[in-house]
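Residue numbers (the working numbering), protein chains in the order written: chain H, 2 to 300; chain W, 90 to 425; chain F, 738 to 1084.
A virtual CB, placed ideally from N, CA and C, is assigned to each residue, including glycine.
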């Protein structure tokens, strides 16, 4: 047919390699690298994660070794560089080991909620109509509760313990992520390139997989990273209330609880777990902000 | 090229060797590379060009609308004899509105969506003149009548999104005229409008030009629209004016290769069926890396090595026709 | 060569059969109104009974102003929107029937959109965007990419330079070429161009128009060319269709419509084109007011409220689209039995 005649005109041998532009994420990484604040925050987080992973091997003392004689020592005591807690355990070692659970409980629910929430939101956003209404209005019911109360209520119902705390935190974050996912998906759904894909006969699942996800997961991811700090604080709160981690496991929020009464006698020591929570949360937030700026710029 | 006013008075608007560069992010973009232009009172001048030619930048520079931090402006800009580039913020505020005002391409973006149009006009008037709200409102009403908005009283209380496209553009013109400026800058005001509405707006502008002795600088990429309204036209390319003259001169006897190529590439019904359009090879110059010579040389069929060495000066071919081209002698009679 | 990547489409009906027949197309968009806001209309009657045919190998131009329904018509033809009533017949087969499934129809009809940037997935390279549609229809990826590169070459973009790039790195004209390549990847027979050159600079527009003419000849395409630019439509079309408020008001060979327009709206539209002669400028606007809103169309003939020739009967009776040879018009003036001549003029 006519097409073969046209193709015959293109007789050049297969040319040399095609120039490839750096992909979207390479450009994001390049921009992120030039952002000093985001880089500093990112490095700090990496250090904390490293510390958490290596904790069992690098703590100076045994985090569980109690000593009734050496309770609530101040910062700078020989053998207890950051002091000791109400049971005489080395605070520095407990903080280092505590990073494990605190970070774990901060990041895991967000990852789980990212997967679940994105799935719900993308389906609702792409399908529209009744499916959208059913999914989003159900999500709204959960969204209506303040996160702290919802976390506490769910944890209280499920019972104390790490796993239950993770489940309840995940449920708290799914609606928020689902909302963002639905909003972004709806926007992308309306764009001409999705129409062009529909017009070429592609099925919905193919379009979602090829066109929608690549454009939608980025913004959702950025939003999710901003939830990590919230998750850490909520997890600490749950542990504080006795609903999450149980003693003697070190976890920053739980440590804040047990050191509560020491505020009057050793305020600096009592505040240290709080400082760790603060520093980690801020770092995640700054990194998330930097990521958002790096992703926003359209060249 | 200067246009001596018959009365001997200096032109309303004078641009001399205006250069504008945008910096930031390491790259400097030379948006304008030496623009000379005169506009007399009551004269309509069209600036024609494509994306990147510098026509919109010229307009915005006249009112100093660019953020000062990343913009470098050199040269001379005089409106009614006053040096615009040396003005303080307060002097600029006094200039914008009563002396010069601007009409944009998309009224929905240029008008505040949360206030009724009437309020916006009244606010503009009262900012520059000490009259009370009632008198200002009456003036707004008469402005709406002047721009021929039907049911003006009702429309004064409408929000921008409640008006149709043509009426919004009329409302924007009314807003621009609120303080009786002498110079109206129009940045592609009819590009987004339907054909039947476009001709109405062009006629309105022409009428206002006549009645109010309004000088108009009309930026467009549509030569047809320019032909309906402009007395004189300047063609821009690569941040410079490459040809200037009366509308008739430019349409019937253009001399710059770019102008000729532009006119020839227009689709129109007189072409034979299936006849291909004359296109201009290549692509517009990179304003961050302008060549030392004529910016059009790489795409010009008449280019000589001399063209690439230095920028040609603006040469007068006749009293009202000037061309920036070393090869202008080769282009006589290009448009039959 | 890539000629047999996808099987060529068979010409079912022969040269006399119109490639596309649109019959009685209706699309209303219901308005979401609160009960106290009911303002007379309950729906935007975007397309209100449109009939036309596109003949094999021709370019049918479609002109009209805001609210006329030309873009909605394009989307209905592509089935990106489902019509309320009406049917599409492609080469004699009803679209959506068991003889011509929607998926198969979509292989044969493609569209190029106005906004070149939003028509391309910003996260996909150019060659991936062009290769996507064939992979959907079962072509192995490697072959699809090779074919995509050949198409890019065909539309004037060197594959080495452009295939691996992203949309934001290209200019408007280059992106539109990519969109054209994408539309051709499935070897369609009908290509709908919805204001495809409107957003481009004039010199780039000329290049793309030349490309469209070349491709049409090389691939035996049929075009439905929608535009508000009357000059371009006159240049490129064989026949022209004029739309107003959701209806076709005139349809005929391009020279007939442009030089001997029969409908008063067409006449006004053509007179609105700038004169290009500074010595003879337009002195009066041919049409007052703005194109009306399709929410509440006037009774009878929809154009009568702005028509210089309107008479009382025009308010009562809606004209039908009547053929006078190859030239069809929807106007009572050309329907002598309607009583137009005897009716009084509207003041």
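Within the same chain, Cβ atoms closer than 6 Å to the Cβ of residue 280/W are found at 194, the five residues on either side in sequence being excluded. For residue 962/F, the enclosing beta strand (DSSP E) covers residues 959-963. Annotation for residue 309/W: no alpha helix (DSSP H) segment contains it, though the beta strand (DSSP E) segment containing it runs 304-309.
Within the same chain, and ignoring the five residues on either side of residue 916/F in sequence, the residues whose Cβ sits closer than 8 Å to its Cβ are 849, 850, 853, 856, 857 and 933. At a cut-off of 9 Å between beta-carbon atoms, residue 852/F makes contact with chain H. Non-local beta-carbon contacts of residue 217/W in its own chain, meaning distances under 8 Å to residues more than five positions away in sequence, involve 183, 186, 187 and 268 in chain order. Sequence-distant Cβ neighbours of residue 902/F in its own chain, meaning closer than 6 Å and more than five residues away, are 863. For residue 939/F, the nearest CB of chain W lies under 9 Å from its own CB, placing it at the interface with that chain. Under the Cβ criterion of 9 Å, residue 999/F is not counted among the residues facing chain W. For residue 209/H, the closest Cβ of chain F is not nearer than 9 Å. Of all residues in the region 165-196 of chain H, the ones placed with a Cβ closer than 7 Å to any Cβ belonging to chain F are 192, 193, 194 and 196, in chain order.
Of the other Cβ atoms in all chains shown, 16 or more fall within 10 Å of the Cβ of residue 180/H; this residue is therefore buried. Spatial neighbours of residue 911/F in its own chain (CB-CB distance under 8 Å, excluding positions within 5 residues in sequence) are listed in chain order as 894 and 899.
Residue contact with chain W for residue 979/F: absent (no Cβ-Cβ distance below 9 Å to any residue of chain W). One alpha carbon belongs to residue 153/W, the other to residue 960/F, and they sit about 46 Å apart. Only residues of its own chain outside the window of five on either side were considered, and among them 350 and 388 have a CB closer than 6 Å to the CB of residue 369/W, listed in chain order. Going by DSSP, residue 108/W is part of the beta strand (DSSP E) stretching over 102-111. Using beta-carbon distances, residue 809/F does not count as an interface residue toward chain W, since no partner is under 9 Å. Contact annotation: the region 798-806 of chain F touches the region 974-989 of chain F, with at least three C-beta pairs closer than 8 Å. For residue 239/W, a Cβ of chain F is located within less than 9 Å of the residue's own Cβ. Residue-level contact check: residue 317/W touches chain F, since one or more beta carbons of chain F fall below 9 Å from its beta carbon. No Cβ-Cβ contact shorter than 9 Å links residue 329/W with residue 112/W. Of all residues in the region 256-283 of chain W, only 256 and 283 place a beta-carbon less than 7 Å from a beta-carbon of chain F.
Annotated as proximal: residue 1006/F and residue 284/W, with beta-carbon spacing under 9 Å.
Of the other Cβ atoms in all chains shown, fewer than 16 fall within 10 Å of the Cβ of residue 51/H; this residue is therefore exposed. If you check each beta-carbon in the region 896-909 of chain F against every beta-carbon of chain H, the ones closer than 7 Å belong to 896, 897, 898, 900, 901, 902, 903, 905 and 906.
The alpha-carbon separation between residue 880/F and residue 24/H amounts to approximately 23 Å. Around the Cβ of residue 945/F, a 10 Å sphere holds 16 or more other Cβ atoms; the residue is buried. Within 9 Å of the CB of residue 20/H, the CB atoms of chain F belong to 897, 898, 899, 900, 901 and 902, in sequence order along the chain. With distances taken between CA atoms, residue 1066/F lies nearest to 978/F out of 869/F, 978/F, 831/F and 825/F. Residue nearest to residue 398/W within the set 406/W, 415/W and 135/W is 415/W (criterion: CA-CA distance). Taking the CA atoms as reference points, residue 193/H sits about 10 Å from residue 200/H. Below 8 Å, too few C-beta pairs join the region 263-275 of chain H and the region 201-216 of chain H to call them touching: fewer than three.
Within the model, the alpha-carbon separation for residue 764/F versus residue 139/H is close to 33 Å. Residue environment analysis places residue 177/W among the exposed positions, since fewer than 16 neighbouring C-beta atoms fall within 10 angstroms of its C-beta. Chain F places no beta carbon closer than 9 Å to that of residue 345/W, leaving this residue out of the contacts.
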